[in-house]
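Numbering (the UniProt record's numbering), first residue to last: 1 to 356. What follows is one structure encoded as structure tokens, with my remarks underneath.
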Amino acid sequence: MAVPWEEYFRLALQEKISLKIPGQNVEHLPPVLHLLEKRRELVDVDRSLQAQKEVFQTTMAVLKQRWEQVKQKERELKGSFVHFDKFLQDTEARRSRALQRAAEERRRASRQEAEALRLRAQLEKLRGERAELQHRLLRLEPCARLLGQVLELLPEFQRVPELVARFEGLADMQVALRLTERQRLEELEEARGRLQQLRDAWQDEVLRQSQQRVQLLERLEAARERTLCWESKWIQIQNTAAAKTLLLGRTRMAALNLFQLVCQHKRQPPALDIEDTEGQLEQVKLFILDQSSMLTSFRRAQSSLDPGEQGGRGTPEKEVYISCRVCAEWCPPEMGGPCSLRLPCGVQEGHIASAK
């Protein structure tokens with residue numbers, strides 16, 4: 001470990017200065033001797049420092065040499081490690097290539113073995129087909145002789161393959177005709193089934209239409225009955241409306257007549273419209289209330305008199321029936337109609353008053 005020279009010498013000088021000379025009293029020495037003593041101490045310190053410096057340099061040189069040797073050994077070891085790693089990599093690569101070649105050889109051997117098995121199976125199959133063909137040849141040999149005899153009888157065919165082709169064509173045509181016939185029969189059955197379905201659907205539709213016709217007839221009869229009922233109700237409503245209209249007209253005429261009578265009694269021209277029935281009735285109501293209040297005041301004035309004076313004045317006031325020129329009937333007070341005015345005799349104007 002390297003230490004700075006300045007720090008090293010500073011520490012050594014401090015150690016030397018801190019030492020004291022034994023058996024001497026520095027306080028009784030003269031200054032010159034004291035200075036010489038200090039110089040001698042400095043010389044001794046320099047010598048010791050120089051010796052330590054030489055020892056330190058020697059030690060550092062030895063350490064440096066050893067450090068160089070260690071670095072050299074480290075480089076050699078690194079080189080050895082590199083060579084060893086390269087050797088291991090080469091060995092691993094050769095081993096991997098050997099394993100790959102072995103695996104490839106095993107796969108190739110497996111493929112060759114599978115190919116051999118396939119070829120053996122194919123050979124066995126071909127042998128079986130050959131045996132079967134030989135068996136068929138032996139079995140069809142009489143047919144070949146028969147075909148030769150047929151060729152002798154049919155001069156239009158020169159070879160057996162032509163005859164066989166002709167026979168196969170006829171057989172294929174027969175199969176096609178049978179297939180066509182089967183298809184036509186299936187189509188015929190399907191057509192018959194559809195026809196039966198259409199007949200059933202037609203019968204169901206006829207039945208449904210009949211039921212719907214009956215329902216519609218019933219609804220028509222019900223509608224006719226409702227029409228007659230509503231027509232009768234409409235006639236009744238029209239009659240009621242006519243009666244109500246007539247009653248309304250008579251009521252409005254009665255109200256107009258009463259309003260005109262009130263205006264005549266007040267000696268005022270009619271200020272309201274002829275169609276304003278509510279206003280006319282309001283004026284009649286006000287007139288009746290005024291007359292009733294006047295009559296009440298009059299009766300109170302009569303009731304305040306003594307019985308003798310009341311007998312000398314005459315008979316009490318009688319209730320009257322008023323005949324209205326609108327309805328042309330006598331209206332008793334109990335009816336409470338627009339023409340029944342329960343007023344004292346001699347108050348009405350334009351009415352015929354009669355004592356009961």
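Glycine included, every Cβ here is placed at the ideal spot set by N, Cα and C. Note that the coordinates shown come from a computational prediction; the quantities given were computed from them, not determined experimentally.
When the Cα atoms are used, residue 219 and residue 212 turn out to be separated by approximately 10 Å.
The same chain holds no residue with a CB closer than 8 Å to that of residue 92 once the five nearest residues on each side in sequence are set aside.
Contact between residue 270 and residue 260 holds: their C-beta atoms lie close to 6 Å from each other, under 8 Å. Around the beta carbon of residue 284, 16 or more other beta carbons lie within 10 angstroms, which makes this residue buried.
Spatial neighbours of residue 198 in its own chain (CB-CB distance under 8 Å, excluding positions within 5 residues in sequence) are not present.
For residue 267, the three-state secondary structure derived from DSSP is coil. If you ignore the 5 residues before and after residue 195, its C-beta comes within less than 7 Å of no other C-beta in its own chain.
Classified as buried, residue 258 has 16 or more neighbouring CB atoms from the shown chains inside 10 Å of its CB. By the neighbour-count criterion, in which 16 or more other beta carbons inside 10 Å mark a residue as buried, residue 280 falls on the buried side. Here residue 116 is exposed. Its C-beta has fewer than 16 other C-beta atoms within 10 Å. A residue is called buried once 16 or more other Cβ atoms fall within 10 Å of its Cβ, and residue 256 is buried on that count. In this structure, residue 163 lies near residue 150, with their beta-carbon atoms less than 8 Å apart. The residue from 108, 160, 272 with its alpha-carbon nearest to that of residue 143 is 160. Using a Cβ distance threshold of 8 Å, residue 298 and residue 262 do not count as a contacting pair. For residue 133, the secondary structure class from DSSP, reduced to helix, strand or coil, is helix. Counting the other Cβ atoms within 10 Å of the Cβ of residue 254 gives 16 or more, which makes it buried. Pairing residue 99 with residue 119, the inter-Cα distance amounts to about 30 Å. Taking C-alpha positions only, residue 181 is separated from residue 189 by approximately 12 Å. Between the alpha carbons of residue 37 and residue 50 lies a gap of roughly 20 Å.
The alpha-carbon of residue 252 is positioned some 18 Å away from that of residue 240. In the displayed model, residue 157 falls within coil according to three-state DSSP, outside both helix and strand. Residue 48 carries a helical assignment under DSSP once its states are collapsed to helix, strand and coil. In this model, residue 141 and residue 167 are separated by some 18 Å (Cα to Cα).
In the three-state scheme derived from DSSP, where H, G and I count as helix and E and B as strand, residue 273 is classed as coil. Per the coordinates, the alpha-carbon of residue 179 lies some 20 Å from the alpha-carbon of residue 192. Taken through DSSP and simplified to helix, strand or coil, residue 305 comes out as coil. Within the model, the alpha-carbon separation for residue 202 versus residue 209 is close to 10 Å.
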